[in-house]
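Convert by adding 17 to the 1-based position in the sequence shown; the result is the number in this note's numbering.
Notes follow the structure.
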Amino acid sequence: MKKLVILFLTFLIVLTFATAFAISAQTKSTENKTNHIYIDPGHGGFDGGAVGNNIYEKTLTLAIGLKLAQYLKRTGFVFSLTRNADFALAGNKRDDIYKRVALINNSEAVLYISIHANSFPVQSVRGAQTFYNPLFEENRELAIAIQNMLYVADPSNKRLAKAISGKYLIDEVAIVGCLVEVGFLTNPEECDKLSTNDYQEKIALMIYMGILSFLEKYGEI
Ligand SMILES: [Zn+2]
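So, in C-alpha cells, the structure goes:
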C-alpha cells in the first residue's frame, strides 16, 4: 500500500512538471523552430522486430510512438511519424531504414526520436536505455535527459545513456536525436509491463518529459 502511495505521489509530481513544461513549450513553439519533432516507431509490416511472450516490437514501438505524438500535439508541437500503422517503408530492411533516414533528413524537423525494444539471450537482462551518436553534444544531452526520466517509470533501472556508432539510422540522421530502447521483451516481467497500456503511456510521457527538459536547457537547436 505504501508503495502505491509513493508511486501515486511521484506520478502527481511528474504530471505537475509536465504541465509546467508543456505551457512553456507551447509558448516556445511560436517563438522559435524547436517545435517539429520526428518520431520513428521502429520496424513494422514484414519486420516484426524483437518478440516477447505476448507482443512484437513493431506493435509496441507504434503504440508508444502514437502516444508520444499525442503528448506533443496537445502541447503545440508539430510532429511527423515515419509510420502511423503496421507497415514497412520498403520491401526489405535495408531500404526501409534508408527511407526512414531520408524522410527525417528531408523534413523540417529539428529533433528525432527512434523507438525500439530490446532483446537478449539472458532473460534477467532488463531496463530501458537511450543510445546516441556522439558526433553532436546535443545528442548526448537529449539521451541523458530522456534516460533520467525513464528512471521515474522504472526506479530499478540502472542503465545509462550510451554512445553508439555503426547503426545506419543513428549514423546518418543529420539532426539532433536519439534512439530509445524501451525495455527488454526477453525479460518476462518487463515484457508483461510493456504490454500494458498504462506502462506504454508512462514510457511515452517520460520520453516527452525528457524532450521538454532538453529543450528547456537548449532552447533553439
Ligand atoms: Zn528494433
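Glycine residues also receive a C-beta, built at the ideal position from the N, C-alpha and C atoms.
Since the model is a prediction, treat every value here as computed from it, not as a measurement.
- Excluding sequence positions up to five before and after K210, its CB lies within less than 7 Å of the CB of Y216, all in the same chain and listed in chain order.
- Closest in alpha carbon position to A178, among F148, E207, P205 and S136, is F148.
- A Cβ-Cβ separation of about 6 Å places C195 in contact with N156 under the 8 Å criterion.
- Bounds of any alpha helix (DSSP H) do not take in P58; it lies within the beta strand (DSSP E) bounded by H53 to P58.
- In this structure, the CA atom of V68 is about 17 Å from the CA atom of F104.
- P151 sits close to A180, with the two beta carbons spaced by under 8 Å.
- The shortest C-alpha to C-alpha distance from D57 to any of K84, P172, E233 and I72 is the one to K84.
- Proximity of the beta carbon of E74 to ligand 1 is indicated: a heavy atom of the ligand is located closer than 7 Å.
- When only Cα atoms are considered, V139 and P172 end up about 21 Å apart.
- In the three-state DSSP reduction, T203 falls in the coil class, being neither helix nor strand.
- In this structure, G59 has its CB closer than 7 Å to one or more heavy atoms of ligand 1.
- Annotation: the continuous beta strand (DSSP E) that includes T147 extends over Q146 to Y149.
- Annotation: the stretch 164-235 contains the following complete segments of the beta strand (DSSP E) (minimum length 3 residues), in chain order: 193-201.
- Residue state for D113 is assigned as helix, using DSSP reduced to three classes.
- Using a Cβ distance threshold of 8 Å, D113 and A107 count as a contacting pair.
- When C-alpha distances from Y129 are compared across N135, K110 and I163, the shortest belongs to I163.
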